[in-house]
Every structure is written in C-alpha cells, then in structure tokens.
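Trainee:
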Amino acid sequence: MAKKILIAGVNGFVGHHLARELTSVGHTVVGVGLDASLSPVLGTIVTEFYASCDLTDESQVAKLPLGDVDAVINLAGLANVGDSFKPGAAERYEHINVSVHTTIVKRLAFLDKLDTRVIAVSTGTVYDNHQPMPITEVGTLITKGSPYALSKISMEHALVSFKKQGQDIVIVRPFNHIGPGQLPGFLVPDLISKLRSASENNTIRVGRLDTRRDYTDVRDVVRAYRLLLEAESLSSYIYNVCSGISHTGQEVLDTLVQALGMGDIQTTVDPGLVRPNDPTDVRGDNALLVKDTGWKQHFSFEQTLQDCAQEKN
Numbered sequence: 001m002a003k004k005i006l007i008a009g010v011n012g013f014v015g016h017h018l019a020r021e022l023t024s025v026g027h028t029v030v031g032v033g034l035d036a037s038l039s040p041v042l043g044t045i046v047t048e049f050y051a052s053c054d055l056t057d058e059s060q061v062a063k064l065p066l067g068d069v070d071a072v073i074n075l076a077g078l079a080n081v082g083d084s085f086k087p088g089a090a091e092r093y094e095h096i097n098v099s100v101h102t103t104i105v106k107r108l109a110f111l112d113k114l115d116t117r118v119i120a121v122s123t124g125t126v127y128d129n130h131q132p133m134p135i136t137e138v139g140t141l142i143t144k145g146s147p148y149a150l151s152k153i154s155m156e157h158a159l160v161s162f163k164k165q166g167q168d169i170v171i172v173r174p175f176n177h178i179g180p181g182q183l184p185g186f187l188v189p190d191l192i193s194k195l196r197s198a199s200e201n202n203t204i205r206v207g208r209l210d211t212r213r214d215y216t217d218v219r220d221v222v223r224a225y226r227l228l229l230e231a232e233s234l235s236s237y238i239y240n241v242c243s244g245i246s247h248t249g250q251e252v253l254d255t256l257v258q259a260l261g262m263g264d265i266q267t268t269v270d271p272g273l274v275r276p277n278d279p280t281d282v283r284g285d286n287a288l289l290v291k292d293t294g295w296k297q298h299f300s301f302e303q304t305l306q307d308c309a310q311e312k313n
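Residues in the sequence shown are numbered consecutively from 1, following the working numbering.
(1) Could you have a look at Leu-234 and say whether DSSP puts it in helix, strand or coil?
(2) Please report the residue range of the alpha helix (DSSP H) in which His-16 lies.
(3) So, at 8 Å on beta carbons, what are the nonlocal neighbours of Gln-131 in its own chain, with the 5 sequence-adjacent residues on each side left out?
(4) Skipping 5 residues on each side, what residues in its chain have a beta carbon closer than 6 Å to that of Thr-102?
(5) Is DSSP giving Leu-34 helix, strand or coil here?
(6) When you compare only the Cα positions, how much space is there between Leu-78 and Tyr-148?
(7) Entirely within the region 137-208 and at least 4 residues each: give me those alpha helix (DSSP H) ranges in chain order.
(8) Please state the DSSP three-state secondary structure of Thr-123.
(9) If you draw a straight line from the alpha carbon of Gly-272 to that of Lys-86, how long is it in whole angstroms?
(10) Assuming Leu-114 contacts Gly-33 (C-beta within less than 8 Å), just tell me the rounded distance between them.
(11) Nearest to Ser-146 by alpha carbon, out of Phe-162, Thr-125, Met-155?
(12) Note down the Cα distance separating Gly-31 from Thr-47, rounded to an integer number of angstroms.
(13) So, do the region 37-56 and the region 4-16 have three or more beta carbon pairs nearer to each other than 8 Å?
(14) How many whole angstroms separate the CB atoms of Val-121 and Val-188, which I take to be in contact at a CB cut-off of 8 Å?
(15) Tell me the rounded alpha-carbon separation between Val-72 and Ile-5.
(16) Mapping the DSSP letters down to three states, classify Ala-109 as helix, strand or coil.
(17) Considering only residues of the region 204-286, which uninterrupted alpha helix (DSSP H) runs meet the minimum length of 4 residues and lie entirely inside it, listed in chain order?
(18) Specify whether the region 208-218 and the region 295-310 touch according to this definition: at least 3 beta carbon pairs, one from each stretch, less than 8 Å apart.
(19) Using the C-alpha atoms, what's the distance from Leu-305 back to Val-98?
(20) State buried or exposed for Glu-21, treating a residue as buried only when at least 16 other CB atoms are found within 10 Å of its CB.
(21) Which partner residues does Ala-8 have in the DSSP bridge list?
(22) Starting from Tyr-50, follow its DSSP beta bridges and name the residues at the other end.
(23) Using a Cβ distance threshold of 8 Å, determine whether the region 218-232 contacts the region 258-272, with at least three qualifying pairs required.
(24) Going straight from the alpha carbon of Asp-270 to that of Ile-204, what length do you get?
(25) Does the distance from the C-beta atom of Leu-66 to that of Cys-53 stay below 8 Å?
(26) Could you compute how far the alpha carbon of Ile-192 sits from the alpha carbon of Asp-278?
(27) Using DSSP's beta-bridge definition, name the partner residues of Ile-135.
(28) Is the distance from the Cβ of Asn-240 to the Cβ of Leu-288 below 8 Å?
(29) Classify Val-118 as helix, strand or coil using the three-state DSSP reduction.
(30) Is the CB-CB distance between Thr-61 and Ile-96 below 8 Å?
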C-alpha cells in the first residue's frame, strides 16, 4: 500500500537515493532539511519540502505534518566522525544526534500517532571491532571511541524508552555505504579524485590499504530501509544493513583503476591518513534483515565502483 513518508535529511547523499527508491514504488515523499531549498534533482520527486527545520527545536517540529504522514525515515544528525573529536564537539554531537530523533517521536506521541513507524538511522560503528566477525545485532558495543559513535549509542538508548511505551521504532545500523553521489571526505570519492589528478608518474598518497571493510551500495541500503518500513511484522527493532563481505582498500583502489581505464598506479602512505589502532577487518551479519524482509543485494562491489567512476567530475 502506498504511504506518505517523511524523510529527514532528504538533501543528503543517502536522502537523494532514498527519495528515488520510495517514489519508484509509489510512495509519496515529504522532505525536511536544514538547507534553504530542496536539491534541484529532487524537484519532481519530493511533494513538499520543509526547509531550515531544526529538528532539535520542538516548536519547529510542531510545524511538520507529522499527523498526516504514515512513516518517518530519519537520516538527520551530525555524521562526520573526524569532526566529532574536535574540542567541544562531543557535547554537540550528543545533543544533536539524540534530540533530532527524540523530538520527533515525542511529537508523534503527543499526536497519538504511536503506530507511525520511525526508521532511526544509527551506524555500524557502534560495535566494538575487537570481537568475532561477522558482527550480529547482539554484538558488543563500544564503551569508548569516537564521540560520533557514542552519540549514536545514546540515541539508540533514548529511543528504547519510547519503544517500550508502544511506539513503532526501528533502529538500523548501516555499515560503510558507497555509491554514486557520495561527496568528498570518504574513501571512494577521495580515491577517484586522486586518480583523476594523478601526477605524471601515476603516484598518489593514501592511508592504509590493507584493512578490510564491509561496503554496501547506497541503493541497496535505501532499499533495506524501504523494506523495513513496509514490513507488516518484524522480529526485532534493530537491524544491521551490510553486505556481510569485507574488501581491502587495495581492492577498492585496483577496481577503480580498472574502471577508470588507467595503467599502473604507485602509492605512498600519508601518515596523516592513517588511523591509530585501525582494526584489520570489520564486517557485519545481515541474516536478520534478510530473514525478516527478503532483502538482497542488487549491486555488486565491482558494479558500484564502476558506477562511481563513471560519474562526471
């Protein structure tokens, strides 16, 4: 059945793909964001756009059409892991990443809309990486680490209390997602940029390329969100969204080099790009998601990187 769905953070990388995914199967999308206007490419996709809405502000959230929507997918919040380590940032991340979710569910409770499903986006970085792989939803969580990940754990804990009061809340923990439209600051777009501007001797500076990570195409990620939103019954309220397969940074680089039609590339390690105590292998277990929704990947690792490489500068 077609639903009217509010996407918080619709102008972002994931929001673009999510809006397309939802409308492709007949759902109607209402968008919310901090930007002054809707992204032009979403002009024919998003029915209504509520701009510059601070989701931590109860008075602004009260103006959203939460009484008229069937579901909410909340992508909002601060997501830059590196910035979360800056002086004073930890408190800011904690406040924003918790309240952008709790303010909405409080408003839904006030409107007596307990059955409005809320998909709250957490992260796979909440897991302690020093445990057997792949990590399931009952895996050990970190107790110290990036303020970003810790703020997501706080968000999850805050939402559990609303879940216990009868609200329909589903928490998703996506692992690394990649795909067309991803902005600089992440491995794939940064490598593509470096390869396209490689020096005459085809040498680029990189971080560690031997560590393995679980990458999923963003288009597969948003389909998982849609399936969780549409499911009539679920056996859990927390779901990993991941491929279950890990690839090294070297595999990412080699695949991009081939996709770009380049010859041999030499690499030198930039100490500034190396994270201390970086785990050698991180991958999640998606069995619960597959069992409850029938989700499966449509895009292979190679196809995703091919699509990223073919994007225009």
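Quick reminder that beta carbons are idealized off the backbone N, C-alpha and C, glycines included.
Mentor: Let me lay it out:
(1) Position 234 of the sequence shown, counted from the start, is the residue given in the question as residue 234. Residue state, collapsed to three classes: coil.
(2) Counting from one through the sequence shown, the residue named residue 16 turns up at place 16. Start and end: 13-24.
(3) Walking along the sequence shown from the start, residue 131 turns up at place 131. Cβ neighbours of Gln-131 beyond the five flanking positions: Gly-139, Thr-140.
(4) For the purposes of this step, residue 102 is identified with residue 102 of the sequence shown, where counting begins at 1. So the qualifying residues of the chain are Ala-158.
(5) Here residue 34 refers to the residue found at position 34 when the sequence shown is read from its first residue. Three-state DSSP puts Leu-34 in coil, outside helix and strand.
(6) Residue numbering aside, residue 78 sits at position 78 when the sequence shown is read from its first letter. Residue numbering aside, residue 148 sits at position 148 when the sequence shown is read from its first letter. Cα-Cα distance, rounded: 8 Å.
(7) 147-164, 187-196
(8) For the purposes of this step, residue 123 is taken as residue 123 along the sequence shown, with counting starting at 1. Three-state result, Thr-123: coil.
(9) Taking the sequence shown and counting its residues from 1, the one referred to as residue 272 is at position 272. Taking the sequence shown and counting its residues from 1, the one referred to as residue 86 is at position 86. Rounded to whole angstroms, Gly-272 to Lys-86 spans 16 Å at the Cα level.
(10) Sequence index remark: in the sequence shown, residue 114 carries index 114 (1-based). Sequence index remark: in the sequence shown, residue 33 carries index 33 (1-based). Contact doesn't hold; Cβ gap of about 26 Å is too wide.
(11) As a working mapping, residue 146 is identified with position 146 in the sequence shown. Selected option, being the one with the closest Cα: Thr-125.
(12) Looking up residue 31 in the sequence shown gives position 31. Looking up residue 47 in the sequence shown gives position 47. Cα to Cα, Gly-31 sits roughly 8 Å from Thr-47.
(13) yes
(14) Indexing the sequence shown from 1 puts residue 121 at position 121. Indexing the sequence shown from 1 puts residue 188 at position 188. The pair is not a contact, with the Cβ atoms about 20 Å apart (cut-off 8 Å).
(15) On the sequence shown, position 72 is the one that residue 72 refers to. On the sequence shown, position 5 is the one that residue 5 refers to. Rounded to whole angstroms, Val-72 to Ile-5 spans 6 Å at the Cα level.
(16) To locate residue 109, count along the sequence shown from 1; it is residue 109. The answer is helix: DSSP assigns Ala-109 an H, G or I state.
(17) 218-230, 249-259
(18) yes
(19) Residue mapping note: residue 98 aligns to position 98 of the sequence shown, counting from 1. Residue mapping note: residue 305 aligns to position 305 of the sequence shown, counting from 1. In a straight line, the C-alpha of Val-98 is about 33 Å away from that of Leu-305.
(20) Numbered from 1 along the sequence shown, position 21 holds the residue referred to as residue 21. Glu-21 should be labelled buried.
(21) Taking the first residue of the sequence shown as position 1, residue 8 is located at position 8. In the DSSP output, where bridge partners are listed per residue, Ala-8 has Val-32, Asn-74.
(22) As a first step, residue 50 is located in the sequence shown; it is residue number 50 there, counting from the start. Partner(s): Val-32.
(23) no
(24) Within the sequence shown, residue 270 is the residue found at index 270, counting from 1. Within the sequence shown, residue 204 is the residue found at index 204, counting from 1. Near 9 Å, if we compare the C-alpha coordinates of Ile-204 and Asp-270.
(25) Counted from its first residue, the sequence shown places residue 66 at position 66. Counted from its first residue, the sequence shown places residue 53 at position 53. Contact flag unset, no.
(26) Within the sequence shown, residue 192 is the residue found at index 192, counting from 1. Within the sequence shown, residue 278 is the residue found at index 278, counting from 1. In a straight line, the C-alpha of Ile-192 is about 22 Å away from that of Asp-278.
(27) Counting from one through the sequence shown, the residue named residue 135 turns up at place 135. For Ile-135, which the question treats as bridged, DSSP gives the partners Gly-284.
(28) In the sequence shown, counting from the first residue as 1, residue 240 sits at position 240. In the sequence shown, counting from the first residue as 1, residue 288 sits at position 288. A contact, by the Cβ cut-off of 8 Å.
(29) On the sequence shown, position 118 is the one that residue 118 refers to. Residue state, collapsed to three classes: strand.
(30) Counting from 1 along the sequence shown, the entry for residue 61 is found at position 61. Counting from 1 along the sequence shown, the entry for residue 96 is found at position 96. Correcting the residue identity first, residue 61 is Val in this sequence and not Thr. Against a cut-off of 8 Å, the Cβ pair of Ile-96 and Val-61 comes out as no contact.
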